[in-house]
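Read the structure below first, then the notes.
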Amino acid sequence: MDFNQMVLVVFLVGSVLIVAAMIGVAATTRGAPQPQSQVQPRGYALRARWFWALGAATALALLISLPFVPYPSNAEMAGAQHVKVTAQQYGFALPATIPAQTPIIFDVTALDVNHGFGIYGPDNRLIGQVQAMPEYVNHLPFTFSKAGHYTVRCLEYCGVGHAYMQGAFEVK
Amino acid sequence: MSAVPRRTLAVALLAAACVVASVVPPIESSSVRLDVQTHHLAHAVIIALGLALGLVIASARPVREERPAWLLVAIVSPLMAMLLMIPATYDFTESHPLLHALDHLVFAALSLLTAYAGEQYLRGVGWAAAVALEMMAVGAAFGYGIILTR
Amino acid sequence: MSEPALRNDAAASRVMWIYMLTGVAIFALMALLGLTMRMEQAKWIPLDPTMFYAIMTLHGAGMITAMALCGMGGLWYLMNRERALSTLVAYWAYALVVAGVVAVLLSVFPGKFGAGWTFLYPLPFIGAAWPSWATGLFLLGIALVNVGWIVWCTQMFGCVVATYGGIRGALAWDLVFHPKRFAASGRHAPPPQAFAALVAAVDGLLAGAAGMLVGIALIVHWLSPSIPLDPLWAKNLTFFFGHTFANLTIYMAIALVYVGLPRYANREWHTSQVLAVAWWGTLLFVALAYFHHLYMDFVQPRPVQYIGEVVSYLAAFPPAVVTVFGGALLIFRSQLRWTMGSMFMFAGMVGWIVGGFGAVIDATIDINSTLHNTLWVPAHFHTYLLEGVVLFVLGWIFHQLEERSAAQSSLLMRWLVALGIFGGGAIFLLAFYVGGADGVPRRYATQPPPGPEISAWASVGIIILLIGFVVCLMEAVRLARLRRAATP
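Written out as structure tokens, the structure is:
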């Protein structure tokens, strides 16, 4: 299971729990009713706990996720091999081969409109992306651990040929 | 000092500042060519003065019931002001000082109208209209007619 | 249970119904266009790519406008009970929005404008498969919708500021910080729906200004192509406008639940300190969350990327801890009457939270690297628009019909509609999420595998969903007829 599939499973499990909890609440309307004045204090106590629990979970998620941003540091920028990528309706200009196990920085830009530079691995899974923009150069750091055939797809809507806008490179 | 003279004083000062900011730079420094960003920001200053003037004038008589006709003025005036801020005209106006000054006075007048009409529609609305117009005027300086490549 | 407000006369009701029915009609049309796109992606029907992208553009722009119209009409009606509002201004806003919709429609049929609702500079002008007039007409249409929106926001802003004692009163500042003094003064805090009106007005005006700025710049560029625009600047403004406008539709529609659900539960939903503070949060978070659209623009200043993630996470708190939790508490062990109206309102809160969960996941910068612009994005926003905002609106419409006809729908009818709308919806949405996790890009007329297979499932889901909506519509018409008969 790759990362995205794990994300999907987490989402589905969470969603089922949310739906189940809400159905559980809805089902209480079939039982003996209680006045609002009686329900509310207990609800507010639970809400306080729920607030702190959600707060803790959020803080944890931020602490875990924020260090993993895909943006390059100055050290990475200086120490990597730079690969120029130019996007244009409807194709990519980029080298045919890229070395494996080497820190790479893709210097990505576009000549006409906004495009996206999405890298799909040999197993056809999306493994990273960056926007390709006119007038700007975006630097995407990447180190390929696996050799093989990689496909590039445009991931920003760029006109009628968008779905056919592809490129490819070999990692050796 | 009572409230009324203080308002009169503020109106006089702001009106003077508005006119000076609109008229003096184009005529005094007609040989200077501003870049688009600075030119936009200069307009934003004139607009800010015009808005302040409109708010001060309107504060004399707070409106407590909706007066719809004024809403139209409060919406159309900032639109006109922004439509007038066309970067392509900057070169031309800079070589025609009087026209340039007039252009600035129109900005000032439209800003005044924006804030004043907003307050005449319903108290408080002029402030919202003023913030919106000033945001647009300042925002224009960062990409309208200009590319700020990082 | 009669209308507590006496101010809502026939004229005000007419405003609400005109807004809402126009919104629902546009929604229905756009839903059919959505089905057309999914069927094309499933390879069930052939469609020229130019046409596909033109339809996609219309679907996106039209749906958000439809949701906004419903929210605008609904919230206007609720606020009119607090303070009599000028119906003239409401009709101006409506006329401007509808004129904009007509212009956008014409730019697509027959103009074939297809740069997406995002109209990202410079796509509307470069490599276009449509005539230049279609670009101009589309931009004009969006600008008209925006001006209509600004008119509405301005009226709402004036309303809350004038009614509750300035911004401070509208925020219930004194209730939160000086509760004893506030209680002693005998003043009343604004009702929950007034916070929705305040947030929609303030954030709506900010977004409207951004949209107007980029709109004017684009129109001027269209007239005079030698004027350059900064693409990153245009992207920021476009998403600030579009994200905020779309996001606010939820916060406008939830106001309908604040008023409607308590009537079904025979309980009260009042403004507490916690509710006020939650809306302060929403006011801030809605204005700052759009940064998450630009995570993959690595040239954006680094701090705003982090702000984007933190704020997107925090945006979940007001609904999860206060509004939806409050809604659940409101019906917990109550004698809630389960009707079409209450069912929709309750289910809408579930859809909002589930979609929000999907949104928070995607708003994580690291995860966004592999989910951005995949089908995950339409997955999450279809969840809280289709199974959130639309249900809030339908809930309100049925609430009105049920109250005035004093009639209800049968259990069988409710099950039929629930199966169609929630069951079909689940299939439709699940296809989006699975496709997103598989890296299938969004906005592709021809998808790489497993896209087409997933699109086929999605199409089946939409068809079931639409059957549910048709049954629902027939039931609404039945109730509306009863209503007419009951009115002397």
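Protein chains in written order, with numbering that gives the first Met the number 0: chain A, 0 to 171; chain B, 0 to 149; chain C, 0 to 487. We treat Cβ as the ideally placed atom computed from N, Cα and C, and that holds for glycine.
Problem set entry | the stretch 77-111 of chain B: positions lying closer than 9 Å to chain C by Cβ | Pro77, Leu78, Met81, Leu82, Met84, Ile85, Pro86, Ala87
Problem set entry | CB of A:Phe91 within 8 Å of CB of A:Val129, strictly | no
For this session: Taking only beta carbons into account, state which residues of the stretch 346-374 of chain C come closer than 8 Å to chain A, listed in chain order.
Result: Met348, Val349, Ile352, Val353, Phe356, Gly357, Ile360, Thr363, Ile364, Asp365, Ile366, Ser368, Thr369, Leu370, His371, Asn372, Thr373
For this session: Check the Cβ of B:Pro67 against every Cβ in chain C and list those closer than 7 Å, keeping chain order.
Result: Ser85, Leu87, Val88
Problem set entry | B:Ala140 versus B:Val75 - alpha carbon distance | 21 Å
Exercise. Hey, C:Leu122 and A:Asn3: beta-carbon distance below 8 Å or not?
Worked result: no
Exercise. Closest to B:Thr113 by CA distance: which of B:His103, B:Leu101, B:Trp126, B:Leu104 is it?
Worked result: B:Trp126
Problem set entry | Contacts that B:Arg63 makes with chain C (C-beta to C-beta distance below 9 Å) | Ala161
For this session: Tell me, please, whether the CB atom of C:Val298 is closer than 8 Å to any CB atom in chain A?
Result: yes
Exercise. Quick one, which of C:Leu119, C:Gly99, C:Val258 has its alpha-carbon nearest C:Pro190's?
Worked result: C:Val258
Problem set entry | Euclidean distance between Cα positions of C:Trp139 and C:Ala11 | A small fix is needed here, since residue 139 of chain C is Leu in this sequence, not Trp. Distance between the alpha carbons of C:Leu139 and C:Ala11 is about 29 Å.
Problem set entry | CB contact check: C:Ser333 to chain A, cutoff 8 Å | yes
Problem set entry | A:Ala172, enclosing beta strand (DSSP E) - first and last residue | As shown, chain A starts at 0 and ends at 171. That puts residue 172 of chain A outside it, with no answer to give.
Problem set entry | C-beta atoms of C:Thr338 and C:Gly438 nearer than 8 Å | no
Problem set entry | Stretch-stretch touch, CB-based, cutoff 8 Å, three pairs: the stretch 186-201 of chain C with the stretch 107-124 of chain C | no
Problem set entry | Beta-carbon gap between C:Trp268 and C:Leu205 smaller than 8 Å | no
Exercise. Using the C-alpha atoms, what's the distance from C:Gly307 back to C:Phe240?
Worked result: 15 Å
Exercise. What residue from C:Ile166, C:Asn265, C:Ala405 has the CA that sits closest to C:Ala275's CA?
Worked result: C:Ile166
Problem set entry | Short-range partners of chain C found in the stretch 122-136 of chain B, where Cβ spacing is below 7 Å | Arg122, Gly123, Val124, Ala127, Ala131, Met134, Met135
For this session: Answer with buried or exposed for C:Met473, where buried requires no fewer than 16 other C-beta atoms within 10 angstroms of its C-beta.
Result: exposed
Exercise. To which residues of the same chain is C:Leu247 closer than 8 Å at the C-beta, ignoring the five residues directly before and after it?
Worked result: Ala67, Gly70, Val198, Ala199, Asp202, Gly203, Ala206, Val285
Problem set entry | Which listed residue (A:Leu7, A:Glu169, A:Tyr163, A:Val6) has its alpha carbon closest to that of A:Ala86 | A:Tyr163
Problem set entry | Distance CB(B:Ala131)-CB(B:Pro77) smaller than 8 Å | yes
Exercise. Below 8 Å, can you find three or more Cβ-Cβ pairs linking the stretch 412-428 of chain C to the stretch 457-464 of chain C?
Worked result: yes
Exercise. Which residues bound the beta strand (DSSP E) around A:Thr142?
Worked result: 137-142
For this session: Starting from the C-beta of C:Ala358, find all residues in its chain whose C-beta is less than 6 Å away, skip the five residues before and the five after it, and write them out in chain order.
Result: His379
Problem set entry | As assigned by DSSP and simplified to three states, the class of A:Asp84 | Per the sequence shown, the amino acid found at residue 84 of chain A is Val instead of Asp. DSSP places A:Val84 in strand when its eight states are reduced to three.
Exercise. Run through DSSP, which three-state label would A:Val170 get?
Worked result: strand
Exercise. Cα separation between B:Leu13 and B:Leu48?
Worked result: 7 Å
Exercise. Is C:Thr382 near C:Gly354, with beta carbons less than 8 Å apart?
Worked result: yes
Problem set entry | CB-CB length for C:Gly280 against C:Pro318, believed under 8 Å | That belief does not hold up - the Cβ atoms of C:Gly280 and C:Pro318 are roughly 10 Å apart, past 8 Å.
Problem set entry | Beta-carbon gap between B:Val62 and B:Gln119 smaller than 8 Å | yes
Exercise. Among C:His220, C:Val88, C:Gly33, which residue has its Cα nearest to the Cα of C:Pro488?
Worked result: Outside the modelled stretch of chain C, which goes from 0 to 487, sits residue 488 of chain C, for which no answer is possible.
For this session: Using a Cβ cut-off of 8 Å (strictly closer), state whether A:Glu155 contacts chain C.
Result: yes
Problem set entry | Same chain, Cβ closer than 6 Å to C:Ser1, neighbours up to 5 away in sequence not counted | Model confidence at C:Ser1 stands at a pLDDT of 36, short of 50, so the residue's coordinates are unreliable; what they give is reported in the following sentence. Closer than 6 Å at Cβ, skipping near neighbours: no residue.
Exercise. Quick one: any contact between the stretch 213-228 of chain C and the stretch 79-86 of chain B, if contact means 3 or more CB pairs under 8 Å?
Worked result: yes
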